[in-house]
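Q: Mapped onto the working numbering, the consecutive letters of the sequence shown carry residue numbers 47 to 378.
We put the beta carbon where it would ideally sit given N, CA and C, even for glycine.
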Amino acid sequence: MATLTLDEIYQLAYQSLRQAGADDANAAAVATTVTHAERDGSASHGLFRIPGYLKSLLSGKVNGNADPQPEHITPVVIRCHGNNGYAPLALQRAIPALAEAAKTYGIAALTLTHSHHFAALWPEVEALAEHDLMGFSCVSYKPVVAPAGGNEALFGTNPIAFAWPRPGRSPLVYDMATAAMAQGEVQIAARDGHSVPLGTGLGPDGELTTDPQDILKGVLLPFGGHKGSAIAMMVELMAGPLVGESLSFETDERDTPDGGPPQGGQFLLAVSPQVMGETDWAARAEGLFSRLEAMEGVRLPGQRRHTLRKDTGSRAVNDSLLADIRQLAPQV
Ligand code: NDP
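1) Any idea what DSSP makes of S62, helix, strand or coil?
2) Could you tell me which whole beta strand (DSSP E) segments of length 3 or greater appear in the segment 244-288?
3) Measuring CB to CB, does K101 end up less than 8 angstroms from G310?
4) Helix, strand or coil for V171 per DSSP?
5) Would you list, in sequence order, the uninterrupted alpha helix (DSSP H) runs of no fewer than 4 residues that lie entirely inside the segment 102-173?
6) Any heavy atom of ligand 1 within a distance shorter than 7 angstroms of the CB on T325?
7) Can you tell me where the alpha helix (DSSP H) with L354 in it begins and where it stops?
8) Thinking C-beta only, is K188 closer than 8 angstroms to T297?
9) Taking 7 angstroms as the cut-off, is the C-beta of H177 nearer than that to any heavy atom in ligand 1?
10) Starting from M222, trace the beta strand (DSSP E) in both directions and tell me its first and last residue.
11) State yes or no: is the C-beta of M227 nearer than 7 angstroms to some heavy atom of ligand 1?
12) Beta-carbon separation of G40 and P250 under 8 angstroms?
13) Within the present structure, is the beta-carbon of T297 separated from the nearest heavy atom of ligand 1 by less than 7 angstroms?
14) Quick check on S318: does DSSP put it in helix, strand or coil?
15) CB-CB under 6 angstroms to H354, same chain, minus the five flanking residues each way: which ones, in chain order?
16) If you draw a straight line from the alpha carbon of A154 to that of R215, how long is it in whole angstroms?
17) So, helix, strand or coil for T51, using DSSP?
18) Using beta-carbon positions only, say whether S294 and G202 come within less than 8 angstroms of one another.
19) Does the contact criterion of 3 or more C-beta pairs under 8 angstroms hold for the segment 123-138 versus the segment 267-275?
20) Please confirm whether T224 and P205 have their CB atoms less than 8 angstroms apart.
21) Candidates M280, A226, A276: which alpha carbon is nearest L254's?
22) According to DSSP, simplified to helix, strand and coil, what is S183?
23) Relative to the alpha-carbon of Y151, which residue among V317, D357, Q377 has its alpha-carbon at the smallest distance?
Laid out in C-alpha cells, this is it:
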C-alpha cells in the first residue's frame with residue numbers, strides 16, 4: 047500500500063481526469079467526490095473508480111466537457127440534463143435550486159438524466175441535509191443483481207440514500223446498495239483475495255458461494271430476500287420511467303462496455319420538516335437518536351464515515367490501483 051495525503055489524492059484524480067480529456071469544472075467536481083470518498087473511508091467509490099472514469103473518457107462514451115443546466119419543469123420539479131457528463135458537476139449545479147424549492151414549498155424533486163453516476167450517493171443527500179432538508183436519492187445501474195427467487199441478473203446494484211438534518215451536527219445518513227453488497231466491494235474482495243458472506247451472490251452455476259471471483263462471473267443477490275428485491279425494483283422505476291431515463295437492462299443494451307459508468311437517471315427528493323412538521327421536529331428526532339445510541343451494540347448509520355472524516359491525515363492506497371491509474375494517465 048502507498049500513503050497519500052488528501053491533497054495528493056485530489057491532485058491524482060484531477061490531473062488524470064484532465065489528461066484523459068475532462069475540462070476543469072468536470073475534473074474538479076469528480077476529483078472532489080473521489081477525495082471525499084477516500085476521506086470518509088468509502089474505498090470502493092474513491093480512487094478505485096478513477097480507472098473506470100478514465101476509460102470512459104478515453105473511449106469517448108462520456109463527455110468530459112459537459113455543461114449540465116438545471117431547469118424548472120414546475121416550481122417544485124427540477125430537471126437537469128447531464129449533457130452526457132458525470133453526475134458530480136450536474137448535482138453541484140442543480141442541488142441549490144432543489145434546496146431552494148423545497149425550503150419554499152416544503153417538498154421538491156430533482157431528476158438527473160443523460161448522466162453517468164459512478165459514485166456514492168451520500169454527498170448529494172448530505173448536501174440537502176446541510177440546508178435542513180430531509181434528502182432521498184436513488185440511482186440504477188446495469189443488470190448485475192438477480193430478483194429474489196431468480197438466478198439471472200435484471201436489477202442494478204441500485205443504491206438508495208437518505209439524510210436527516212441535525213442542526214449544528216453531522217446529519218443522520220444511510221447510503222446503501224440494494225444488492226447484498228455493492229459491486230465495488232465484491233471487486234475489491236476479489237482483488238485482495240478475501241471471501242464474502244454467504245448470500246452475497248450466486249456463482250455461474252447458480253449456487254450460493256463465498257468466492258467473489260465466482261460471483262463476478264455469476265450474479266449478486268438483493269439484500270433481505272424478497273424485501274430488498276422489491277426496493278431494487280422500486281429504484282428501477284424511480285431512476286428510470288419516473289424521470290424519463292432507462293431501466294438497468296435498457297442501460298446495458300446501449301452501453302459501451304469500457305469499464306466506466308453507463309448513462310442513466312437519478313431521482314432526488316428534498317422535504318422540509320420545518321414546513322411539513324412541528325417546531326419541535328429536530329428535538330423529537332434527537333430523542334430517537336439518543337435512544338438508539340444508548341443501546342449496547344447500536345450505532346447510527348453514517349457515524350463511521352463522519353468519524354473518519356475528522357482525520358485529515360494520509361490515506362492508504364492500493365499499489366496496483368496507482369499503477370493502473372498511471373498506465374491510463376502516464377503524465378500524472
Ligand atoms: P454498506 O453496507 O457498507 O453501508 C450501508 C449503510 O449502512 C451505510 O450508511 C453505513 O454507514 C450503514 N452501516 C453499516 N454498518 C452499520 C452498523 N453496524 N450500524 C448502523 N449502520 C451501519 O454500503 P454498501 O456496500 O451497500 O454501499 C456502498 C456504497 O456504494 C454506497 O455509498 C452506495 O451509494 C454506493 N453504490 C453506488 C452505485 C452507483 O451506481 N453509483 C451502485 C451501488 C452502490 P457508515 O458509512 O457509517 O458505515
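A: Let's see:
1) Correct three-state label for S62: helix.
2) For the segment 244-288, not a single whole beta strand (DSSP E) run of length 3 or above is found.
3) Not closer than 8 angstroms, so no.
4) Helix at V171.
5) 133-151, all fully within the segment 102-173.
6) Not one heavy atom of ligand 1 lies closer than 7 angstroms to the C-beta of T325.
7) Note, L354: alpha helix (DSSP H), 349-355.
8) Between T297 and K188, the CB-CB gap stays under 8 angstroms.
9) With a threshold of 7 angstroms, the Cβ atom of H177 does not count as near ligand 1, since no heavy atom of the ligand is closer than that.
10) Its beta strand (DSSP E) spans residues 218-222.
11) It does: the Cβ of M227 is within 7 angstroms (strictly closer) of some heavy atom of ligand 1.
12) No information on residue 40 is available, as it lies outside the stretch 47 to 378 that the chain covers here.
13) Taking 7 angstroms as the cut-off, the C-beta of T297 does not count as close to any heavy atom of ligand 1.
14) Note: S318 maps to coil in three-state DSSP.
15) Rather than His, the amino acid found at residue 354 in this sequence is Leu. Cβ within range, chain order: D86, G87.
16) Rounded to whole angstroms, A154 to R215 spans 24 angstroms at the Cα level.
17) In the structure shown, T51 sits in coil (DSSP, three-state: anything other than H, G, I, E or B).
18) Taking the C-beta atoms as reference points, G202 is found nearer than 8 angstroms to S294.
19) The segment 123-138 makes no contact with the segment 267-275; the number of CB pairs closer than 8 angstroms stays below 3.
20) Cβ atoms of T224 and P205: closer than 8 angstroms.
21) The option with the nearest alpha carbon to L254 is A226.
22) In the structure shown, S183 sits in a strand (DSSP, three-state: E or B).
23) The residue with the shortest Cα to Cα distance from Y151 is V317.
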